[in-house]
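To start, the structure itself, in structure tokens.
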Amino acid sequence: MILPPLQYLRPASPAEAVTMLSDVAGSVVLAGGQTLLNMLKLDLAQPSALVDVHRIDGLRGVRTADDGTLVIGAATTYASLAAVHGHPVADMAAGLVDRQVRNRGTIGGNCCLNDPTNNFPPLLSALGARFRILGVAGERVLPADEFFLGTLATAVRPGELLTAIEIPPLPDNAVVTHEHLQVGADSWALARAVVRLDVVDGVVIDARVFLGAVYGSPLRLPEVERHLVGAAVAPSLADVAGVLRDVDAADDVHCSAAYRREMAEVQLRRALLAAVQRSTR
Ligand SMILES: Cc1cc2nc3c(=O)[nH]c(=O)nc-3n(C[C@H](O)[C@H](O)[C@H](O)COP(=O)(O)OP(=O)(O)OC[C@H]3O[C@@H](n4cnc5c(N)ncnc54)[C@H](O)[C@@H]3O)c2cc1C
1 MILPPLQYLR PASPAEAVTM LSDVAGSVVL AGGQTLLNML KLDLAQPSAL
51 VDVHRIDGLR GVRTADDGTL VIGAATTYAS LAAVHGHPVA DMAAGLVDRQ
101 VRNRGTIGGN CCLNDPTNNF PPLLSALGAR FRILGVAGER VLPADEFFLG
151 TLATAVRPGE LLTAIEIPPL PDNAVVTHEH LQVGADSWAL ARAVVRLDVV
201 DGVVIDARVF LGAVYGSPLR LPEVERHLVG AAVAPSLADV AGVLRDVDAA
251 DDVHCSAAYR REMAEVQLRR ALLAAVQRST R
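Put into structure tokens, the structure is as follows:
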């Protein structure tokens with residue numbers, strides 16, 4: 001459909017963007033536009049103004065801080081992220097959808113949308129990421145479990161801007177794997193599993209396990225983690241995925257809860273097996 005008239009604003013800095021967002025009622029952030037523009041065309045959103053942040057230098061790029069933290073500007077595209085070789089976020093970005101979406105879509109947009117099927121929320125949760133949010137009143141830094149609040153909901157309030165995502169350094173003994181099931185090349189994920197294992201002398205000393213696309217927000221699996229910690233790294237670790245038979249899963253137009261639960265178990269089993277293979281290589 002043809003869009004109704006709306007203002008297009010292009011701030012030069014994060015601070016200016018935040019001022020515009022708070023001064024102009026009904027304004028929203030435009031990042032890669034890969035979701036927002038489709039929402040406008042379908043009349044699912046009616047903002048008065050778009051505050052385009054994707055050219056702001058201070059919001060783009062990836063750097064490693066002195067303590068090894070990976071600092072990713074919120075408007076960094078998947079294509080730029082894919083160039084950071086050897087990190088799980090780069091692997092995820094490189095495999096995302098197609099070239100057009102990778103060239104325009106941003107990691108900040110992916111997180112701020114918090115579509116349950118999106119790739120990054122469960123991965124960033126498993127990596128212990130922190131989210132930097134700027135507003136006119138100042139800055140807040142939130143861990144993933146306080147940032148992702150539910151389907152299409154995050155802690156970013158109207159007038160605020162996600163500026164960066166910080167990922168603590170990954171120790172050499174950590175392996176991170178992810179698996180998902182989607183129907184069709186550029187369709188929604190029906191179930192996604194992300195596993196992070198820290199391994200010393202063939203034994204799991206720490207585990208962070210999340211599902212995506214099963215509930216509104218990334219779902220942590222503490223029971224699975226408890227089974228994994230202290231266990232020897234062997235293919236039998238994958239059997240822990242069996243506990244998913246008892247968890248609830250969303251029932252929607254894409255598939256039944258029973259199918260989603262079974263597919264989540266399959267993805268978790270695969271992710272665990274991949275982690276075992278990687279850590280015994
Ligand atoms: C054909 C197709 C297939 C896709 N498949 C997948 C897929 O398999 N997996 C996947 O993860 N994604 C998929 N996507 C979605 C894509 O990843 C989007 O890029 C992403 O969801 C939104 O990022 P964006 O930069 O385009 O944000 P936009 O569309 O510009 O914005 C999305 C929302 O986030 C808000 N926002 C954006 N940046 C900020 C910020 N810095 N601070 C505050 N609010 C902000 C906007 O106001 C808006 O509400 C697909 C998209 C398309 C078109």
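Just so you know, the sequence shown maps onto residues 1 to 281 in full-length UniProt numbering.
We treat Cβ as the ideally placed atom computed from N, Cα and C, and that holds for glycine.
Owing to the predicted nature of the structure, the values given are computational and were not obtained by experimental measurement.
query, result
"Arg140 beta carbon near ligand 1 (any heavy atom closer than 7 Å)", "no"
"Beta-carbon proximity check, residue 285 vs Leu81, cutoff 8 Å", "The question about residue 285 has no answer here: the residues shown for the chain are numbered 1 through 281."
"Contact belief for Ala164 with Val71 at Cβ below 8 Å, rounded distance in angstroms", "6 Å"
"Residues of its chain near Leu211, where Cβ-Cβ distance is below 6 Å and the 5 sequence neighbours each way are ignored", "Ala193, Leu219 and Ala264"
"Bridge-paired residues (DSSP) for Tyr8", "Leu50"
"Inter-stretch contact at 8 Å, needing at least 3 Cβ pairs: the stretch 131-138 / the stretch 55-65", "no"
"Presumed contact (8 Å Cβ cut-off) between Ala49 and Gln7, rounded CB distance", "4 Å"
"Arg10 beta carbon near ligand 1 (any heavy atom closer than 7 Å)", "no"
"Glu146 burial status per 10 Å Cβ neighbour count (16 or more: buried)", "exposed"
"Whole-angstrom distance between Asp115 and Arg102, CA atom to CA atom", "17 Å"
"For Asp198, the three-state DSSP class (helix, strand or coil)", "strand"
"Length of the line joining the Cα atoms of Ser256 and Ala93", "28 Å"
"Option nearest Pro121 by Cα separation, candidates Leu42, Ala153 and Asp98", "Ala153"
"For Arg55 and Gly73, believed in contact at Cβ under 8 Å, the rounded distance", "Not a contact, Cβ separation roughly 12 Å."
"Classification of Pro14 by the beta-carbon crowding that lies within 10 angstroms, buried from 16 upward", "buried"
"Cutoff 6 Å; reference Arg208; Cβ partners in own chain excluding five residues on either side", "Ala126 and Arg196"
"C-alpha distance - Gly148 paired with Ala129, whole-angstrom precision", "It should be pointed out that residue 148 corresponds to Phe in this sequence rather than to Gly. Their Cα atoms are separated by approximately 11 Å."
"Euclidean distance between Cα positions of Asp246 and Ala238", "16 Å"
"Same chain only: Cβ atoms within 6 Å of Asp57, ignoring 5 sequence neighbours per side", "none"
"Distance cut-off 7 Å: Cys112 Cβ against heavy atoms of ligand 1", "yes"
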